[in-house]
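The working numbering puts the first residue of the sequence shown at 10, with every later residue one more than the last.
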Amino acid sequence: MATIGTKSYDAVVAQKVAFLGLGVMGLPMAGHLARAGHDVTVYNRTPAKAQAWVAEFGGRHAATPREAVAGAQIVFACVGNDDDLRSVVLGPDGAFAGMAPGAVFVDHTTASADVARELYAQAKGLGLNFVDAPVSGGQAGAVNGALTIMCGGEQAVFDAIKPVAQSFGRAVTLVGASGAGQLAKMVNQICIAGLVQGLSEAVAFGQAADLDMKLVLDVISKGAAQSWQMENRGGTMVDDKFDFGFAVDWMRKDLGLVLAEARNNGARVPVTALVDQFYGDVQKMGGGRWDTSSLIKRLRD
(Lines of atoms letter the chains of each structure in order from A and count residues from 1; the text may use other names and numbers.)
(Lines give C-alpha, C1' and ligand atoms only; values in the text may rest on other atoms or scores of the structure.)
Protein backbone atom coordinates (compact mmCIF):
# COMPACT_ATOMS: atom_id res chain seq x y z
CA MET A 1 0.00 0.00 0.00
CA ALA A 2 2.95 2.35 0.70
CA THR A 3 0.84 4.91 2.59
CA ILE A 4 3.84 6.59 4.23
CA GLY A 5 6.99 8.00 2.75
CA THR A 6 10.62 7.17 3.44
CA LYS A 7 11.87 8.52 6.76
CA SER A 8 14.77 7.69 9.03
CA TYR A 9 13.94 7.47 12.72
CA ASP A 10 16.00 8.47 15.71
CA ALA A 11 16.75 5.61 18.09
CA VAL A 12 14.26 5.81 20.99
CA VAL A 13 13.06 3.39 23.62
CA ALA A 14 10.11 1.50 22.16
CA GLN A 15 6.87 2.28 23.95
CA LYS A 16 3.39 0.87 24.01
CA VAL A 17 1.15 3.46 22.38
CA ALA A 18 -2.35 3.80 20.95
CA PHE A 19 -3.60 5.87 18.04
CA LEU A 20 -7.25 6.90 17.73
CA GLY A 21 -8.48 8.05 14.33
CA LEU A 22 -7.09 6.79 11.02
CA GLY A 23 -8.11 9.51 8.60
CA VAL A 24 -5.87 11.04 5.95
CA MET A 25 -3.63 12.41 8.71
CA GLY A 26 -3.91 9.80 11.43
CA LEU A 27 -3.30 6.74 9.26
CA PRO A 28 0.23 7.73 8.16
CA MET A 29 1.06 9.21 11.56
CA ALA A 30 0.25 5.90 13.23
CA GLY A 31 2.22 4.15 10.50
CA HIS A 32 5.35 6.14 11.35
CA LEU A 33 4.99 5.16 15.01
CA ALA A 34 4.92 1.48 14.02
CA ARG A 35 7.85 1.85 11.61
CA ALA A 36 9.84 3.60 14.36
CA GLY A 37 9.52 0.44 16.46
CA HIS A 38 6.71 1.32 18.86
CA ASP A 39 4.05 -1.20 19.89
CA VAL A 40 0.92 0.37 18.37
CA THR A 41 -2.76 -0.41 18.87
CA VAL A 42 -5.19 1.55 16.71
CA TYR A 43 -8.86 2.43 16.84
CA ASN A 44 -11.01 3.85 14.07
CA ARG A 45 -14.74 4.49 13.94
CA THR A 46 -14.82 2.41 10.73
CA PRO A 47 -13.26 -0.94 11.73
CA ALA A 48 -12.30 -1.88 8.17
CA LYS A 49 -9.81 0.97 8.06
CA ALA A 50 -8.20 -0.19 11.30
CA GLN A 51 -7.99 -3.74 9.95
CA ALA A 52 -6.32 -2.50 6.77
CA TRP A 53 -3.83 -0.50 8.83
CA VAL A 54 -2.87 -3.58 10.84
CA ALA A 55 -2.46 -5.59 7.64
CA GLU A 56 0.09 -3.03 6.42
CA PHE A 57 1.90 -2.03 9.58
CA GLY A 58 1.34 -4.80 12.12
CA GLY A 59 0.25 -4.09 15.67
CA ARG A 60 -3.34 -4.51 16.75
CA HIS A 61 -6.71 -2.85 16.41
CA ALA A 62 -9.42 -2.55 19.05
CA ALA A 63 -13.18 -2.20 18.96
CA THR A 64 -13.35 0.82 21.30
CA PRO A 65 -11.01 3.61 22.41
CA ARG A 66 -11.04 2.16 25.93
CA GLU A 67 -9.78 -1.20 24.68
CA ALA A 68 -7.21 0.43 22.39
CA VAL A 69 -5.52 2.40 25.17
CA ALA A 70 -5.18 -0.46 27.67
CA GLY A 71 -1.60 -0.47 28.91
CA ALA A 72 -0.51 2.38 26.63
CA GLN A 73 2.01 4.87 27.95
CA ILE A 74 1.01 7.45 25.35
CA VAL A 75 -2.31 7.76 23.51
CA PHE A 76 -2.37 9.81 20.31
CA ALA A 77 -5.57 10.99 18.62
CA CYS A 78 -6.39 12.81 15.41
CA VAL A 79 -10.12 13.17 14.76
CA GLY A 80 -12.42 15.76 13.22
CA ASN A 81 -13.59 18.35 15.74
CA ASP A 82 -14.47 19.03 19.39
CA ASP A 83 -17.42 16.64 19.42
CA ASP A 84 -15.45 13.85 17.74
CA LEU A 85 -12.69 14.34 20.28
CA ARG A 86 -15.04 14.12 23.24
CA SER A 87 -16.59 10.97 21.73
CA VAL A 88 -13.26 9.09 21.77
CA VAL A 89 -12.10 10.49 25.12
CA LEU A 90 -15.13 10.51 27.42
CA GLY A 91 -17.77 7.99 28.46
CA PRO A 92 -17.57 4.34 29.51
CA ASP A 93 -15.87 3.31 26.25
CA GLY A 94 -13.69 6.42 25.97
CA ALA A 95 -9.94 6.59 26.28
CA PHE A 96 -9.90 8.17 29.73
CA ALA A 97 -11.85 5.19 31.09
CA GLY A 98 -9.10 2.79 29.99
CA MET A 99 -5.87 4.73 30.50
CA ALA A 100 -3.53 3.84 33.33
CA PRO A 101 -2.59 6.51 35.91
CA GLY A 102 0.23 8.67 34.63
CA ALA A 103 -0.41 7.92 30.96
CA VAL A 104 -0.46 10.81 28.48
CA PHE A 105 -3.18 11.69 25.97
CA VAL A 106 -1.78 13.69 23.03
CA ASP A 107 -4.45 15.29 20.87
CA HIS A 108 -3.49 16.18 17.29
CA THR A 109 -7.01 17.26 16.34
CA THR A 110 -7.41 20.89 15.30
CA ALA A 111 -10.01 21.79 17.90
CA SER A 112 -10.92 24.66 20.18
CA ALA A 113 -8.68 25.88 22.99
CA ASP A 114 -11.72 25.48 25.27
CA VAL A 115 -12.01 21.73 24.69
CA ALA A 116 -8.26 21.36 25.22
CA ARG A 117 -8.49 23.05 28.61
CA GLU A 118 -11.64 21.09 29.48
CA LEU A 119 -10.02 17.72 28.76
CA TYR A 120 -6.76 18.75 30.41
CA ALA A 121 -8.67 19.47 33.63
CA GLN A 122 -10.58 16.19 33.45
CA ALA A 123 -7.38 14.27 32.79
CA LYS A 124 -5.66 15.82 35.80
CA GLY A 125 -8.61 14.86 37.98
CA LEU A 126 -8.18 11.24 36.89
CA GLY A 127 -4.42 11.15 37.44
CA LEU A 128 -3.75 11.37 33.68
CA ASN A 129 -1.90 13.86 31.50
CA PHE A 130 -3.14 15.76 28.45
CA VAL A 131 -1.28 17.67 25.73
CA ASP A 132 -3.04 19.58 22.95
CA ALA A 133 -0.81 19.19 19.89
CA PRO A 134 -2.38 20.27 16.59
CA VAL A 135 -0.26 19.83 13.50
CA SER A 136 0.63 21.75 10.35
CA GLY A 137 1.97 20.34 7.12
CA GLY A 138 -1.10 18.70 5.63
CA GLN A 139 -1.44 15.21 4.26
CA ALA A 140 1.99 15.36 2.62
CA GLY A 141 3.58 16.25 5.95
CA ALA A 142 1.85 13.31 7.62
CA VAL A 143 2.87 10.88 4.88
CA ASN A 144 6.48 12.05 4.96
CA GLY A 145 6.72 12.25 8.74
CA ALA A 146 7.51 15.95 8.53
CA LEU A 147 4.73 17.65 10.47
CA THR A 148 5.10 20.77 12.59
CA ILE A 149 3.52 20.08 15.98
CA MET A 150 2.45 22.91 18.33
CA CYS A 151 1.95 21.71 21.90
CA GLY A 152 0.18 23.07 24.96
CA GLY A 153 0.73 21.48 28.36
CA GLU A 154 3.29 20.87 31.07
CA GLN A 155 7.03 20.84 30.37
CA ALA A 156 7.77 17.46 31.97
CA VAL A 157 4.90 15.77 30.13
CA PHE A 158 5.95 17.36 26.86
CA ASP A 159 9.53 16.19 27.36
CA ALA A 160 8.25 12.63 27.78
CA ILE A 161 6.21 12.56 24.58
CA LYS A 162 8.46 14.61 22.30
CA PRO A 163 10.83 11.79 21.24
CA VAL A 164 7.89 9.59 20.28
CA ALA A 165 6.02 12.37 18.44
CA GLN A 166 9.17 12.98 16.41
CA SER A 167 8.36 9.72 14.64
CA PHE A 168 6.02 11.80 12.45
CA GLY A 169 7.09 15.36 13.27
CA ARG A 170 10.09 17.36 12.15
CA ALA A 171 9.44 20.16 14.65
CA VAL A 172 7.76 19.40 17.98
CA THR A 173 7.56 22.48 20.19
CA LEU A 174 5.94 23.38 23.50
CA VAL A 175 4.41 26.83 22.99
CA GLY A 176 2.68 27.30 26.35
CA ALA A 177 0.19 25.94 28.86
CA SER A 178 -2.92 23.90 28.09
CA GLY A 179 -4.76 25.35 25.10
CA ALA A 180 -1.72 27.18 23.73
CA GLY A 181 -1.14 24.55 21.05
CA GLN A 182 -4.63 25.11 19.66
CA LEU A 183 -4.19 28.88 19.79
CA ALA A 184 -0.88 28.59 17.92
CA LYS A 185 -2.61 26.53 15.23
CA MET A 186 -5.17 29.32 14.89
CA VAL A 187 -2.32 31.78 14.33
CA ASN A 188 -1.01 29.40 11.66
CA GLN A 189 -4.36 29.31 9.87
CA ILE A 190 -4.72 33.09 9.96
CA CYS A 191 -1.36 33.37 8.21
CA ILE A 192 -2.27 30.78 5.60
CA ALA A 193 -5.65 32.36 4.81
CA GLY A 194 -4.10 35.73 4.04
CA LEU A 195 -1.21 34.24 2.06
CA VAL A 196 -3.43 32.07 -0.14
CA GLN A 197 -5.78 34.95 -0.93
CA GLY A 198 -2.84 37.20 -1.82
CA LEU A 199 -1.30 34.51 -4.01
CA SER A 200 -4.65 33.91 -5.71
CA GLU A 201 -5.00 37.57 -6.57
CA ALA A 202 -1.41 37.74 -7.79
CA VAL A 203 -1.77 34.73 -10.10
CA ALA A 204 -5.15 35.91 -11.43
CA PHE A 205 -3.74 39.41 -12.02
CA GLY A 206 -0.70 38.07 -13.85
CA GLN A 207 -2.79 35.82 -16.06
CA ALA A 208 -5.11 38.72 -16.91
CA ALA A 209 -2.00 40.63 -17.93
CA ASP A 210 -0.90 37.73 -20.20
CA LEU A 211 2.25 37.01 -18.19
CA ASP A 212 3.93 33.61 -18.12
CA MET A 213 2.95 33.07 -14.51
CA LYS A 214 5.07 29.99 -13.91
CA LEU A 215 8.10 32.00 -14.97
CA VAL A 216 7.02 35.00 -12.89
CA LEU A 217 6.45 32.84 -9.80
CA ASP A 218 9.87 31.26 -10.26
CA VAL A 219 11.44 34.71 -10.37
CA ILE A 220 9.63 36.29 -7.44
CA SER A 221 9.94 33.18 -5.25
CA LYS A 222 13.63 34.09 -5.00
CA GLY A 223 12.78 37.45 -3.44
CA ALA A 224 10.73 38.95 -0.65
CA ALA A 225 7.43 37.45 -1.90
CA GLN A 226 8.64 33.89 -1.33
CA SER A 227 6.41 31.57 0.74
CA TRP A 228 5.65 27.88 1.13
CA GLN A 229 2.30 28.49 -0.53
CA MET A 230 3.95 30.11 -3.55
CA GLU A 231 6.50 27.34 -4.00
CA ASN A 232 4.10 24.45 -3.43
CA ARG A 233 0.77 25.76 -4.73
CA GLY A 234 1.56 28.57 -7.16
CA GLY A 235 2.21 26.30 -10.13
CA THR A 236 -0.82 24.14 -9.50
CA MET A 237 -2.99 27.24 -9.22
CA VAL A 238 -1.74 28.30 -12.66
CA ASP A 239 -2.65 24.80 -13.93
CA ASP A 240 -6.11 24.95 -12.29
CA LYS A 241 -5.40 21.80 -10.24
CA PHE A 242 -6.89 21.51 -6.78
CA ASP A 243 -7.23 17.77 -6.13
CA PHE A 244 -4.72 17.46 -3.30
CA GLY A 245 -3.74 18.96 0.03
CA PHE A 246 -5.87 20.54 2.74
CA ALA A 247 -9.57 20.74 1.83
CA VAL A 248 -11.68 23.90 1.87
CA ASP A 249 -14.21 22.25 4.20
CA TRP A 250 -11.47 21.67 6.76
CA MET A 251 -10.14 25.19 6.41
CA ARG A 252 -13.58 26.66 7.04
CA LYS A 253 -13.85 24.54 10.18
CA ASP A 254 -10.50 25.89 11.35
CA LEU A 255 -11.34 29.50 10.50
CA GLY A 256 -14.58 29.10 12.41
CA LEU A 257 -12.49 28.27 15.47
CA VAL A 258 -10.35 31.35 14.83
CA LEU A 259 -13.34 33.66 14.51
CA ALA A 260 -14.98 32.25 17.66
CA GLU A 261 -11.77 32.70 19.64
CA ALA A 262 -11.34 36.24 18.28
CA ARG A 263 -14.82 37.12 19.50
CA ASN A 264 -13.80 35.90 22.95
CA ASN A 265 -10.41 37.61 23.19
CA GLY A 266 -11.22 40.81 21.31
CA ALA A 267 -8.69 40.31 18.52
CA ARG A 268 -9.54 41.98 15.21
CA VAL A 269 -9.17 39.67 12.21
CA PRO A 270 -10.92 41.42 9.30
CA VAL A 271 -8.91 39.78 6.53
CA THR A 272 -9.44 36.33 8.02
CA ALA A 273 -13.19 36.94 8.26
CA LEU A 274 -13.28 38.05 4.62
CA VAL A 275 -11.28 35.06 3.38
CA ASP A 276 -13.59 32.76 5.34
CA GLN A 277 -16.48 34.22 3.32
CA PHE A 278 -14.50 33.65 0.13
CA TYR A 279 -14.05 30.00 1.07
CA GLY A 280 -17.82 29.89 1.53
CA ASP A 281 -18.11 31.02 -2.09
CA VAL A 282 -15.84 28.15 -3.13
CA GLN A 283 -18.04 25.70 -1.24
CA LYS A 284 -21.07 27.02 -3.12
CA MET A 285 -19.17 26.32 -6.35
CA GLY A 286 -18.95 22.66 -5.29
CA GLY A 287 -15.36 22.97 -4.10
CA GLY A 288 -15.63 21.84 -0.51
CA ARG A 289 -13.12 19.06 -1.10
CA TRP A 290 -10.80 21.12 -3.29
CA ASP A 291 -7.45 22.18 -1.90
CA THR A 292 -7.41 25.56 -0.13
CA SER A 293 -5.51 27.11 -3.05
CA SER A 294 -8.79 26.89 -4.98
CA LEU A 295 -9.56 30.41 -3.70
CA ILE A 296 -8.38 31.52 -7.14
CA LYS A 297 -11.44 29.81 -8.72
CA ARG A 298 -13.75 32.57 -7.48
CA LEU A 299 -11.56 35.13 -9.29
CA ARG A 300 -11.86 33.26 -12.57
CA ASP A 301 -15.43 31.94 -12.72
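Just so you know, even glycine gets a beta-carbon here, dropped at the ideal spot from N, CA and C.
*asked:* What does the Cβ neighbour count give for LEU226, buried or exposed, with the cut at 16 atoms within 10 Å?
replied: Position 217 of the sequence shown, counted from the first residue, corresponds to residue 226. Result: buried.
_Can you tell me whether THR50 is helix, strand or coil according to DSSP?_
For the purposes of this step, residue 50 is taken as the residue at position 41 of the sequence shown. It is a strand residue.
- Task: Whole angstroms is fine: what's the gap from GLY35's alpha carbon to ALA180's?
- Result: In the sequence shown, residue 35 corresponds to position 26, counting from 1. In the sequence shown, residue 180 corresponds to position 171, counting from 1. Rounded to whole angstroms, GLY35 to ALA180 spans 17 Å at the Cα level.
Residues near ASP141 in its chain [Cβ-Cβ closer than 6 Å; skip 5 each side]: On the sequence shown, position 132 is the one that residue 141 refers to. Cβ within range, chain order: ASP116, ALA125, GLY161, GLY190 and GLN191.
Inset, instruction - List in chain order: all unbroken alpha helix (DSSP H) runs of 4+ residues lying wholly within the segment 75-158. - result: 91-98, 104-107, 122-134 and 147-152
Hey, how far is the Cα of SER187 from the Cα of LYS194? Sequence index remark: in the sequence shown, residue 187 carries index 178 (1-based). Sequence index remark: in the sequence shown, residue 194 carries index 185 (1-based). Whole-angstrom Cα-Cα distance: 13 Å.
Of the residues GLN292, GLN24, ALA269 and GLY67, which one's Cα is nearest the Cα of ALA122?
-> Indexing the sequence shown from 1 puts residue 122 at position 113. For ALA122, the nearest C-alpha among the options comes from ALA269.
| According to DSSP, is ASP300 helix, strand or coil? | Position 291 of the sequence shown, counting from 1, holds the residue named residue 300. Strand at ASP300.
Residue(s) in a DSSP beta bridge with CYS160
Taking the sequence shown and counting its residues from 1, one reaches residue 160 at position 151. LEU183.
_Enclosing beta strand (DSSP E) for VAL284 [first to last residue]_ = Within the sequence shown, numbered from 1, the residue matching residue 284 stands at position 275. Where VAL284 is concerned, there is no enclosing beta strand (DSSP E), although the alpha helix (DSSP H) it sits in stretches over 279-293.
- Straight-line CA distance for ALA202 to ALA282? Here residue 202 corresponds to residue number 193 of the sequence shown, with the count starting at 1. Here residue 282 corresponds to residue number 273 of the sequence shown, with the count starting at 1. Whole-angstrom Cα-Cα distance: 9 Å.
query = Taking DSSP as the reference, what is the three-state secondary structure of GLY232?
reply = Position 223 of the sequence shown holds residue 232. It is coil, neither helix nor strand.
Margin query: Rounded to whole angstroms, what is the Cα-Cα separation between ARG75 and GLY111?
Written below: Here the question's residue 75 lines up with position 66 in the sequence shown. Here the question's residue 111 lines up with position 102 in the sequence shown. Cα-Cα distance, rounded: 16 Å.
Identify the residues that DSSP records as bridge partners of GLN69: which are they?
Taking the sequence shown and counting its residues from 1, one reaches residue 69 at position 60. According to the sequence as given, residue 69 is Arg; it is not Gln. The partner list for ARG69 (beta bridge, DSSP) reads THR50.
Exposed or buried, THR50, counting other C-beta atoms within 10 Å across all chains shown (16 or more means buried)?
Taking the first residue of the sequence shown as 1, we reach residue 50 at position 41. Buried: at least 16 other Cβ atoms inside 10 Å.
- Item | Contact set for GLY103: own chain, Cβ-Cβ below 7 Å, skip 5 residues either direction | Counting from one through the sequence shown, the residue named residue 103 turns up at place 94. Contacts found: PRO74, ARG75 and VAL97.
DSSP state of VAL33 mapped onto helix, strand, coil: Along the sequence shown, read from residue 1 onward, the residue named residue 33 stands at position 24. Residue state, collapsed to three classes: coil.
Practice prompt. Have a look at PHE177 and ALA151 and give me their C-alpha separation to the nearest angstrom.
Written response: Indexing the sequence shown from 1 puts residue 177 at position 168. Indexing the sequence shown from 1 puts residue 151 at position 142. Cα to Cα, PHE177 sits roughly 7 Å from ALA151.
Do you know how far the Cα of SER145 is from the Cα of ASN197?
-> As a first step, residue 197 is located in the sequence shown; it is residue number 188 there, counting from the start. As a first step, residue 145 is located in the sequence shown; it is residue number 136 there, counting from the start. Straight-line Cα distance between these residues: approximately 8 Å.
Quick check: the segment 229-246 against the segment 271-279, are at least 3 beta-carbon pairs closer than 8 Å?
no
_Let's test the definition: count the other Cβ atoms within 10 Å of the Cβ of LYS133 and tell me whether it reaches 16, buried, or not, exposed._
Indexing the sequence shown from 1 puts residue 133 at position 124. When all chains shown are included, LYS133 counts as exposed.
*Is VAL257 closer than 8 Å to VAL212 when the C-beta atoms are compared?*
Here residue 212 is taken as the residue at index 203 of the sequence shown, counted from 1. Here residue 257 is taken as the residue at index 248 of the sequence shown, counted from 1. No; because the gap between Cβ atoms is not below 8 Å, this pair is not in contact.
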